[in-house]
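> Pasting a structure here, questions to come.
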Ligand SMILES: NC(=O)c1ccc[n+]([C@@H]2O[C@H](COP(=O)([O-])OP(=O)(O)OC[C@H]3O[C@@H](n4cnc5c(N)ncnc54)[C@H](OP(=O)(O)O)[C@@H]3O)[C@@H](O)[C@H]2O)c1
Ligand SMILES: NC(=O)c1ccc[n+]([C@@H]2O[C@H](COP(=O)([O-])OP(=O)(O)OC[C@H]3O[C@@H](n4cnc5c(N)ncnc54)[C@H](OP(=O)(O)O)[C@@H]3O)[C@@H](O)[C@H]2O)c1
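Chains as they are written, first to last, in the numbering used here: chain G, 858 to 1320; chain D, 858 to 1320; chain Z, 12 to 117; chain Y, 12 to 117.
This is how it looks when you write it as structure tokens:
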């Protein structure tokens, strides 16, 4: 079997492993196997490419050097990154991925133009466009999430015209290149316009909408890898790229659905405007503020407590404290469940990861459809730094931006305890009627601090 | 765009449509669209192949003639076939499909041997092997289902040795042909052995196990089409074949699981032996036989009735009568549900199709997982020609062949009415303790007759 | 007969592997309610062998070949035409209470 | 640059279409519990662009090309190595009550 053939079979196994890796990621039981399959597939992809003979690669010095630098940067980044930084780190990664795709496209062009057949040139242009816009877009998303730049949407008059204009320039130059691969200036126009469009795309988007945008950028990164596959006539790239592309697409659709919003609404910053409008409305109403001692009293006789964690738990890093509370309550014979809303927090699965980090068994985590029927039986629902995902306006107020979004029905529990620092709104910038209900008690304070105090009180009582 | 290219794109669209057709078949709402997509894909496949230019086909007379004959046979067969004959008709169809694949393989071989490259020859041999065994196997399955031959397993000493021997001969000649494509005698050995193996495969299998075997044969027919795709370097054949192959595989696995049996057990006729063993065991016990009038009395005050249809309903064609009973009961304010066991009847989805034919709304049909929690609240469970799927031995008797199979928990209903003709066993040949329970009333008779009488009685009362 | 390059073969394997995975996922998603029409549909799809039958017949090669090919065409077209028609017949029977009872077909 | 035949292109389209369908089905099947590690995994997989980077670098063409390629390799390998490691770290945190609490990793 010649080197060429061996390579084909190595790639085939690699492709099958990528498919299996995503399949296995579907269930907790098989998910680690899935990650290993993915890593193995990547190793095979690299090994198949480097197999001596076929491609006749020579500059091994450069290759080894570049990989080593990558490892030196990548490994520590992976090891020291705190779990709360997953969104940032994903954004940064997409930036690297987009840049790599863009650079490869540019290099191919510089090397081979103008002797590039039309179809290949079209794919090459698509690869660069997607790659470079993913690069700058993800970089800006990273900067916003890391709060290097302001997380507020950057909005100015005519911004839609500017970004559409840039996109059109990029597409036109891509088409022009495809027809006339000889004009190098089109390359630079394409690069500049793509890089610019990436920025314009992400600028008007608020920090909290980033996860959706990151998923969309993931999709673009995948598609640019697939385009590279068309350029290089390489099926493995096409398959891996298509898998990524569809993954990003589905995740962003799921997020939009769970937020009851459209893609367009996310991309054109509709939420930013809502904040200004909804924030200052409504007459002052009274809420009932309680102390930690009141909270303990209420919890002492509870038989079923459902905890609804939200973004505030992530901010306060209160996952370990709430796990401790659950342990204490369960020791007293009380049943404790966690209700996980699909868009609680700031990225898909955010609450799951944090609670898993705190060693909460994942069969205690219930999804929306399964937990909602349980609220009427719960003695207490503890809303821990969540806000929008428990806002009853989603059920009742037709004119609310949240209207129609499926929410957790905490208001149906016998009592509700809301733990947050102030009466401030959540991500959607909308007042929450839940706080004013008769069966709601507000406990103001940092989520972690309040949790720790409640646990301490319980320990005192038990002792 | 030259003819070659046009053909490629037509095939591409065809492949996508085949995929969509199966996807759309997943939900009732989209299933008809799915069937249309499949038909359109087939039309495109034929049109793409006949596109003038590429393949330079010429013998159009033969082609048109052959298709016309096919239509003349196929259309009336499709129109007059009664719904109960779906299993037979599927088996017969597989026989045609297998024969077509086998014949094409033989023709290709006769035309091109010995100038056939090794890989192509391997695929060709696989195509013939799978095609011909599907042909005879499906034909025998058809004959058994249609009761042209006895539905009893044909069992004789050494049958496993004979069928394994035949299979080995077929495989060895396939390998030999792949290495020496020139020896025509190997072709005839391969054909004979494959045809023979198909018969030996199906002979020891009882009529009632046929659906599983038909699903397996479906899988083989698909794989032989895929092999043909490798021979002709045609992606559309490969895709359609692979889709079929996996479909048959999954369906047979689902059936085996729902019967709590292994493939091997189905294929080597384990059930045949069980019949003999289990049928004659046990001392005579007493059952309570009731009349139609008793049945009506019991049903008069019921508020929730769950009907469990089984193979006997299909035999008696009692679906229309039971639908009438449901209408009558519902008119009296009684809620009526149908509990559908995954392997009730003799093919997957058998009960669904029959009840759909009788215009029962499909949201009245509940699957096992959903209906079992309802039985404790049911005033009456009517077991209509079902037996094995309601046998409590599956839950309790560790040594029963049914042990571990998920069953419908009718015995948890307040009363159970079992309608069948005698105390005979069902498909598994096993006695059913349900019939002897205190809350069980047996109403002996043909399912349709009993149902019609009950309905008539009710009409008399209401009038 | 045309020689296939190794890369053609591997490409076909890629397609086969992907299509099989896809088939497994899709079939697993089919509601149990529809297993009978699904069997009937995949049965109809397996008549894709008609493509091979057309090629072998239409090229106008030896007499035996053409005859075998024509027979294969007949077999596959019975399958194709009949298969989709029966699936349609079966599917027409499925309806919800609120869809009325007007019935076409048989 | 090598000319691709029309049939190569169409074959690539076949593969792309199948893989996209498969991706959509598979991702839809992923439990919500695992959406974060899924994002991290697909992120790692997108570093498949390393294949292109290796080719462009390794062929030893012009200096610019090699340099751009090497930069691309570095970017992709950060992604690849880091991505799979982080996914592993995230997944190690998921466990059931009965699996004990011994923890590796960070
Ligand atoms: N998960 C995703 O994938 C995703 C993606 C994009 C957007 N989103 C959006 O994000 C929102 C998520 O809803 P959510 O209910 O989880 O969060 P939320 O509505 O943003 O509310 C979080 C609440 O936590 C409180 N908080 C912040 N820091 C805290 C601390 N240290 N201690 C205690 N409380 C603290 C805040 O109130 P105080 O300031 O008064 O403390 C705030 O009201 C939804 O609107 C969703 O659409 C989610
Ligand atoms: N669905 C599938 O895909 C599939 C495939 C393969 C095997 N199977 C097997 O088939 C069996 C299906 O279970 P099942 O409960 O539906 O059927 P069953 O166990 O075969 O029992 C059917 C019962 O119906 C009665 N019956 C027959 N004709 C009747 C008539 N005209 N009127 C009234 N009763 C009549 C018979 O009793 P009398 O003779 O006393 O009337 C018999 O006991 C399972 O064992 C399953 O594993 C199913």
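Beta carbons: idealized from backbone N, C-alpha and C, even for Gly. Quick caveat: nothing in here was measured; it's all calculated off a predicted structure.
Does any heavy atom of ligand 1 sit closer than 7 angstroms to the C-beta of residue 1292(G)?
no
> Using DSSP with H/G/I as helix, E/B as strand and the rest coil, what is residue 1223(G)?
For residue 1223(G), the three-state secondary structure derived from DSSP is strand.
> Runs of 3 residues minimum, wholly inside the segment 919-973 of chain D: which ones carry the beta strand (DSSP E) assignment?
Fully enclosed beta strand (DSSP E) runs of 3 or longer: not present.
> So, does the CB of residue 62(Z) fall closer than 8 angstroms to a CB anywhere in chain G?
no
> Answer yes if the segment 948-955 of chain G comes into contact with the segment 1027-1036 of chain G, meaning at least three C-beta pairs across the two stretches below 8 angstroms, and no otherwise.
no
> According to a CB-to-CB cut-off of less than 9 angstroms, which residues of the segment 1184-1201 of chain G neighbour chain Y?
1197 and 1199
> In chain order, what residues of the same chain have a beta carbon less than 6 angstroms from the beta carbon of residue 970(G), not counting five sequence neighbours either side?
1038
> Please classify residue 1092(G) as buried or exposed, where buried requires at least 16 other C-beta atoms within 10 Å of its C-beta.
buried
> What's the C-alpha gap between residue 979(D) and residue 81(Y)?
44 angstroms
> Given the structure, does residue 1196(G) come close to ligand 1, in the sense that its CB is under 7 angstroms from one of the ligand's heavy atoms?
Result no, Cβ not under 7 angstroms from ligand 1.
> Determine the direct distance from the alpha carbon of residue 1067(D) to that of residue 959(G), and round the result to whole angstroms.
57 angstroms
> Taking 8 angstroms as the CB-CB limit, is residue 21(Y) close to chain G?
False, the Cβ-Cβ gap to chain G never drops below 8 angstroms.
> What are the start and end residues of each continuous alpha helix (DSSP H) run of 4 or more residues lying completely inside the segment 1183-1234 of chain D, in chain order?
1207-1214 and 1225-1228
> Would you give the residue range spanned by the alpha helix (DSSP H) that residue 1093(G) belongs to?
1092-1115
> With 16 as the cutoff for other CB atoms within 10 Å, does residue 1158(G) come out buried or exposed?
exposed
> Kindly list the residues whose CB is nearer than 8 angstroms to the CB of residue 876(G), restricted to its own chain and excluding five residues on each side of it in sequence; keep chain order.
For residue 876(G), same chain residues with a beta-carbon under 8 angstroms away, outside a window of 5 residues either side, are 1096 and 1100 in chain order.
> Using the beta-carbon count (16 or more within 10 Å), is residue 27(Y) buried or exposed?
buried
> What are the boundary residues of the beta strand (DSSP E) that residue 1301(D) is part of?
Per DSSP, the continuous beta strand (DSSP E) segment holding residue 1301(D) begins and ends at 1297-1301.
> Just mark residue 1250(G) as buried or exposed, buried being the case when its beta carbon has 16 or more other beta carbons within 10 Å.
buried
> Any heavy atom of ligand 1 closer than 7 angstroms to the CB of residue 1172(G)?
yes
> Taking C-beta pairs closer than 8 angstroms, name the residues in chain Z that residue 30(Y) reaches, listed in chain order.
29, listed in chain order.
> Please report the straight-line C-alpha distance between residue 1218(G) and residue 1237(G), rounded to a whole angstrom.
If I take the Cα positions, the gap works out to 20 angstroms.
> Taking Cβ-Cβ distances shorter than 8 angstroms, what residues in chain G pair up with residue 18(Y)?
The contacting residues do not exist; residue 18(Y) stays about 11 angstroms from chain G at best.
> Residue 1076(G): beta carbon under 7 angstroms from a heavy atom of ligand 1?
no
> Where does residue 1166(G) sit, in a helix, a strand or coil, going by DSSP?
strand
> Could you check where the beta strand (DSSP E) with residue 1277(G) kicks off and where it finishes?
1272-1277
> Per DSSP, what kind of secondary structure is residue 1134(G) in: helix, strand or coil?
Its pLDDT being 41, under 50, residue 1134(G) is placed unreliably by the model, and nothing is read from it.
> Could you tell me whether any non-hydrogen atom of ligand 1 is closer than 7 angstroms to the CB of residue 1110(G)?
no
> Please return the same chain residues whose Cβ sits closer than 6 angstroms to the Cβ of residue 1271(D), not counting the five positions on each side in sequence.
1236
> Specify the secondary structure class of residue 1127(D) as computed by DSSP and reduced to three states.
Confidence at residue 1127(D) is low in this model, with a pLDDT of 45, below 50, so the placement of that residue should be treated as unreliable; the coordinate-derived value is given next. Three-state result, residue 1127(D): helix.
> Is residue 95(Y) close to chain D, meaning its C-beta is less than 8 angstroms from at least one C-beta of that chain?
no
> Note down, in chain order, each residue of its chain lying with its Cβ closer than 8 angstroms to the Cβ of residue 1185(G), except the 5 sequence neighbours on either side.
1312, 1315, 1316 and 1319
> Alpha helix (DSSP H) containing residue 1262(G): first to last residue?
Unbroken run through residue 1262(G): none, as it is neither H nor E.
> Which residues of chain Z have a Cβ atom closer than 8 angstroms to the Cβ of residue 869(G), listed in chain order?
21, 24, 25 and 28
> Within the continuous alpha helix (DSSP H) that includes residue 1240(D), where are the two ends?
Premise fails: residue 1240(D) lies in the beta strand (DSSP E), 1237-1241, not in any alpha helix (DSSP H).
> Nearest chain Y C-beta to residue 1002(G) closer than 8 angstroms, yes or no?
no
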